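Protein chains: 2
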Amino acid sequence: MENIINNYLPFVTLVGSVIALIFALFTAKKIMKYSEGNEKMQKISASIRKGANAYLKRQYSIVSVFFAFMFVVLCVMAACGLLTWFVPFAFVTGGFFSGLSGFVGMKIATLSNSRTANACISSLNKGLRVAFSAGSVMGFTVVGLGLLDISVWFILLKFVFKLPVDEITSAMLTFGMGASSMALFARVGGGIFTKAADVGADLVGKVEAGIPEDDPRNPAVIADNVGDNVGDVAGMGADLYESYVGSVISASALGVTAFGEMKAMALPMVMAALGIIASIIGSFLVRTSEKASQKQLLKALSRGTNTSAIIIAVLALPLTYYILGTVRYYFAILAGLVAGVLIGKATEYFTSDTYRPTKKLSDTSKTGAATIIIGGISLGMLSTVVPIIIVGACILIAFFVSGGTVSNPDHGLYGIALAAVGMLSTLGITLATDAYGPVADNAGGIAEMSGLDPEVRERTDALDSLGNTTAATGKGFAIGSAALTALALVASYINKVNTVSGGSADKSFDIMNPIVLVGLFIGACLPFIFAALTMDSVGKAAQSVVIEVRRQFKEIVGLMDGKAEPDYASCVDLCTRSSLKEMILPTIVAIVTPIAVGLLLGYKGVVGLLAGATASGFLMAIFMSNSGGAWDNAKKYIESGVHGGKGSDAHKAAVVGDTVGDPFKDTSGPSINILIKLLSMVSIVFAALVYNFHLL
Amino acid sequence: MENIINNYLPFVTLVGSVIALIFALFTAKKIMKYSEGNEKMQKISASIRKGANAYLKRQYSIVSVFFAFMFVVLCVMAACGLLTWFVPFAFVTGGFFSGLSGFVGMKIATLSNSRTANACISSLNKGLRVAFSAGSVMGFTVVGLGLLDISVWFILLKFVFKLPVDEITSAMLTFGMGASSMALFARVGGGIFTKAADVGADLVGKVEAGIPEDDPRNPAVIADNVGDNVGDVAGMGADLYESYVGSVISASALGVTAFGEMKAMALPMVMAALGIIASIIGSFLVRTSEKASQKQLLKALSRGTNTSAIIIAVLALPLTYYILGTVRYYFAILAGLVAGVLIGKATEYFTSDTYRPTKKLSDTSKTGAATIIIGGISLGMLSTVVPIIIVGACILIAFFVSGGTVSNPDHGLYGIALAAVGMLSTLGITLATDAYGPVADNAGGIAEMSGLDPEVRERTDALDSLGNTTAATGKGFAIGSAALTALALVASYINKVNTVSGGSADKSFDIMNPIVLVGLFIGACLPFIFAALTMDSVGKAAQSVVIEVRRQFKEIVGLMDGKAEPDYASCVDLCTRSSLKEMILPTIVAIVTPIAVGLLLGYKGVVGLLAGATASGFLMAIFMSNSGGAWDNAKKYIESGVHGGKGSDAHKAAVVGDTVGDPFKDTSGPSINILIKLLSMVSIVFAALVYNFHLL
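Line by line, the protein sequences give chains A and B.
In this text, residue positions in the first sequence follow the working numbering: the first is 1, and each later residue adds one.
In this text, residue positions in the second sequence follow the working numbering: the first is 1001, and each later residue adds one.
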């Protein structure tokens, strides 16, 4: 019995991953049976697909240079005895699978956009089915590939190389660094692309030329739709792959430290597999009658996610008992699951126009752009208070129910990591409800550009706005799990330092030790720098788009009368070039800073840095996401007819707010989630270097 | 010899404070000899004075209710043995002197505004002399009253009550809480007033009605000028009183812990007295020829501040050696002094339109309000990196040169506190160069409203813009010293807990202890909440002003033709009421949170909270101040004729940026400086309560 748990239970993970991938494949085949619609729709969809493919191809070729460079660096470090030889390979695999998750998601999304638009001609429900299926392919590909990566490496290390259990987790942590690096490139690059195109298209098209959104006369309109795919889909795919894998392996690693046995490693892996089954069951429940209202659709989606969560909440109890022989850790998992739901609800409260904060924000548009900006920033900052209390409570509960004490925190830290796994266990379905939004958005663009009946556009808009609500829940999970996983990784880093030092490292990190404190200050500063750099990049890229769009409006004769076609490709190309150029600096800052601080201040400074970055990063991510979300919805609320509706001065002010919010919520905010984990991952990989060579 | 140092050296402080107060009185008398100008100018100045007096009177009456309540609470705690009986009285004195500093500064500023305007009729140099003298009165009153408070309490406790040295510093720390509470009320209330009036006047007057700034037809124009006095003068006075006193007493307290002797307490006090002499010498050098250019004026001001700094840098060496018998602490003082200057330079670089960042920011105005907002936020966030490195280096240098070690940090922490004292030692003159700005601003308003020659307005504008540059330096000192003092206060808090526990408290605050960590998260969140609340307050108050100004424009017949006078008093009254109402919640949050967290998580949670709040507060204060400063100067840069100048679309976008920046730089940003210290002060006062009664 013990033997089964210790040795063979992780095979369950492999089975789970294969089920997820088969389910994704099966769903993808189902989507392909739908019609792509008329010729015009097919043509537009093909242009978007072409642009997105071209972007990803160039992104991957740039990123592969980085990976090749890092591979060499890691090999040199391995040759010097600072790493094991598994690390360079694990690093590359993590990056590869993370990129692959994004690629598959993007591929299916670009194949589903016109199909969704076409299905919306029949009914809202049919549109939902196609779009949600596309989201499901993405969701299950992410979790499937994540678990595949984890289980194959596990089997290799355990049964082929026959490593002891602590070296297994140690090697596996390093493919987290590959996944995180890839995710950051994808999120930042895609985020800059999508927002540069969006802002550029809006500023000249909507504000200056006065043509509607997604108007085919706008030269940046295809770039805008490509952006949805490379940013909101491919970027999100890579991002959540990283979150998922990160939470599972950090929990596994801490479990091994706490128990010294395989079984503690098995729990998070089997939990993840169980989550896949729960997600599949949940996703079968997402269906509704042909004539469903929007409210009924939302109910259908919620039924899916809620059922999955309940299944996990129920089954995790016997599972935990079976594997660990005690139920106490179950409450850590449950705390994580509940915290994720609550943060999602808080996000929804602060950003949805059905609640007071966003309604109040829309009021401030009556006195102009300045007051809605002040109002939105204030709303976002204030909205940090609820999630911080929820996460704080979750940390304390997870730590203490798992038997953590100040002098012996290992079990408690394992509990915190399990909370993150609990939060992300239903990722398959929560990601599906999140990822279908951009597909619906694209479908709306195609409906508009191909001149379909306005009713179709209304339906895609309904799907899109539904997606905003479910995305809020998704964001809650992403941000909450990022904070918990980051903390688990800090604990893993400390364990790593301990191993590297042969157990002689001093493991106290007193906050009043000036080295720790200065590390904390620098760490807290990193999300600010990172947000500044990414926003600046969006600004620069957007300005180049603005200039190009203005040029086309001026130079292409007959464009505004619909007699000539704009040069869509040049805008796509411009966005591609500028976003790829701009994604490099922020990512390098994220990778170099923890190494530099480590070489200067030593590993205690690094722990300070990681804690500071986690605290301030969590706050900044929530602030920026929620400000952006609220501005977006305040604008939509006004467009629904409040305060004078579209075209009123209030609406113009709200558009300024929304434009400011774009890079907040879709570039800087989500990237910070990755940043705080990547910092820890990098620190873990370079732990031996920092421990052996540092100044102070 | 030892005996002299131990017992009588602090009397030097009393002498220093009396010299400062006499100098202030003497300078005030000199100002009063200048003419107030013609009848119209006198009348306007009188209205401003009346409004400012009325505001302060009501502010103090509200604040006194709070002080009375807290006095009772502290008396009850003293009766329960949780405090000594000195605390309630020390608390009230701190508040009283802090308020008095603001009051005197405001009084002299409102007496100098028309005199400055009138002096500007003759020459720029004469205008500078009057305005700078007004600033000097404020600067020397703040330092004089600060040292008076410190030395009188010291003499009382030492020679009348004959307390042992550690109980003296412990009691003195608590009048810091009084000073900080008062400062927060003054900064927040005044900050809301000034920005509500400013934003309200600009939005309706400049943007909607299209009349120039300070136009007498604008009903909010007097309120705007009153705001400069109650916010930028009275608020700043109370704020810097608190910084100054806080740094000296926290250094004294840590010195006593480190050395166990009076001499370590004497050093910061005598340093402060020395700084007064250095500042007086420096201020005599602020004079220039009658026909000086603006550049020469700036040189004259810099000559004054630089000379004072050099005098301190030179004399602190023998002084430190004389008092402590070693020079090592001198380098901590020097590190603080240099760090203050460098942060000021960094602030100037990021916010002055003579450097690239602000010039680049003004470029973003060409693509509209959204891009200049994104650009300004990004600039402010990025600008945090340099100060954080400077303060980090200063902390490490001050700690290690003073002989601090991880296992015995007391001397190192004393070094950090001395660095703050070094930074603030020349406050007399740096505050003078900072506080003269609002006087010049008011003078400009009076020149405009009383229809003086445009040349006069140009001169007051030159003075005002000069003030912006010197204010940047002042801000560097204020923010840098706030971070260092806050850290010193955290150390004092830990010492206090140690005393309260009878030496049995565990003094390790490991960052991975979940209690410390959750405290850190909550602490890091506080500046976000605080900024949100204060910005929201400005927004609400400004909206009420907007409505009132619009009402007057509509209802008062002949107002726009200059045939009827607006009802200035109603706007002043409205700002007074709304700002006083709005200042209460943020202040209560600041006071209640550390107590609540302490009762819940215990003193370890409080230490985490204080560290988190210091790190994120430092970042937020710099971010908000610099974003605001850069927007302001980008607008002025465009007004100087770039990108189409006044009235262009770029200018309109820049006005939106400036309006957003107003609460950033003048309400939320500077209040956070006070917040981070007040949190520690409150924690110190309630240490015994928290130690004896807490949940976890």
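Where a beta carbon is used, it is the ideal one built from N, C-alpha and C, also for glycine.
Being a predicted model, the structure only gives us computed values, none of them experimental.
| Check | Outcome |
| --- | --- |
| Simplified DSSP state of A/Asp510, which is helix, strand or coil | strand |
| Beta carbon proximity, B/Ser1616 to chain A, threshold 7 angstroms | yes |
| The alpha helix (DSSP H) enclosing B/Ile1150, as first and last residue numbers | Leu1124 to Ile1155 |
| Given 8 angstroms, three or more beta-carbon pairs between the segment 1155-1165 of chain B and the segment 1208-1223 of chain B | no |
| Three-way DSSP call (helix, strand, coil) for B/Gly1523 in this model | helix |
| Neighbourhood of B/Trp1631 by C-beta, 6 angstroms cutoff - its chain only, sequence neighbours within 5 removed | Gly1376, Gly1657, Asp1658 and Gly1661 |
| C-beta neighbour in chain B for A/Val656, strict 7 angstroms | yes |
| 7 angstroms Cβ cutoff, B/Asn1218 in contact with chain A | no |
| Cβ separation of A/Ile522 and B/Gly1617, assumed to be a contact under 8 angstroms, to the nearest whole Å | Actually they do not touch by this definition, with Cβ atoms about 15 angstroms apart. |
| Backbone CA spacing between A/Thr576 and B/Asn1053 [nearest angstrom] | 60 angstroms |
| Against chain A: residues of the segment 1616-1649 of chain B by CB proximity under 8 angstroms | Ser1616, Phe1618, Leu1619 and Phe1623 |
| Spatially closest choice to B/Ala1478 from B/Met1381, B/Asp1239 and B/Gly1562, by CA coordinates | B/Asp1239 |
| Any chain B beta carbon closer than 7 angstroms to A/Cys394 | no |
| Interface positions of the segment 487-518 of chain A facing chain B (Cβ-Cβ less than 8 angstroms), listed along the chain | Leu487, Val490, Ala491, Ile494, Ser508, Phe509, Asp510, Ile511, Met512, Asn513, Pro514, Ile515, Val516, Leu517 and Val518 |
| Backbone CA spacing between A/Gly176 and A/Val233 [nearest angstrom] | 20 angstroms |
| Cβ of A/Leu382 within 7 angstroms of any chain B Cβ | yes |
| Interfacial residues, the segment 343-367 of chain A to chain B, with Cβ spacing under 7 angstroms | Thr364 and Thr367 |
| C-beta neighbour in chain A for B/Met1535, strict 7 angstroms | yes |
| Any C-beta of chain B under 7 angstroms from that of A/Val341 | no |
| Contact under 7 angstroms by Cβ, A/Asn229 with A/Ala419 | no |
| Simplified DSSP state of B/Met1628, which is helix, strand or coil | Checking the sequence shown, residue 1628 of chain B turns out to be Gly, not Met. In the structure shown, B/Gly1628 sits in a helix (DSSP, three-state: H, G or I). |
| Chain-ordered neighbours of A/Pro663 on chain B, where CB pairs are closer than 8 angstroms | Ile1374 |
| Buried or exposed (CB count within 10 angstroms, at least 16 for buried), B/Phe1026 | exposed |
| Local conformation of A/Lys475 per DSSP, three classes | helix |
| Through-space distance from B/Gly1598 to B/Ser974, alpha-carbon basis | A question about residue 974 of chain B goes unanswered here, because the residues of chain B that appear run from 1001 up to 1696. |
| Proximal residues of chain B, C-beta to C-beta of A/Gln543 below 8 angstroms | Thr1364, Thr1367 and Thr1371 |
| Cβ distance (whole Å) where A/Ser465 is taken to contact A/Lys636 below 8 angstroms | 7 angstroms |
| Test: B/Val1660 CB closer than 7 angstroms to a CB of chain A | yes |
| Residue range of the unbroken alpha helix (DSSP H) whose run includes B/Asp1198 | Val1165 to Ala1201 |
| Neighbourhood of B/Phe1623 by C-beta distance below 6 angstroms, restricted to the same chain and skipping five residues each side | Gly1380, Met1381 and Thr1384 |
| C-alpha distance - A/Pro10 paired with A/Met262, whole-angstrom precision | 9 angstroms |
| Coarse secondary structure for A/Met77, derived from DSSP in three states | helix |
| Beta-carbon proximity of B/Tyr1436 to B/Phe1132, cut-off 7 angstroms | yes |
| Cα-Cα separation, B/Val1087 to B/Tyr1241 | 19 angstroms |
| Cβ pair A/Thr174, A/Phe91 closer than 7 angstroms | yes |
| A/His694, DSSP secondary structure in three states | coil |
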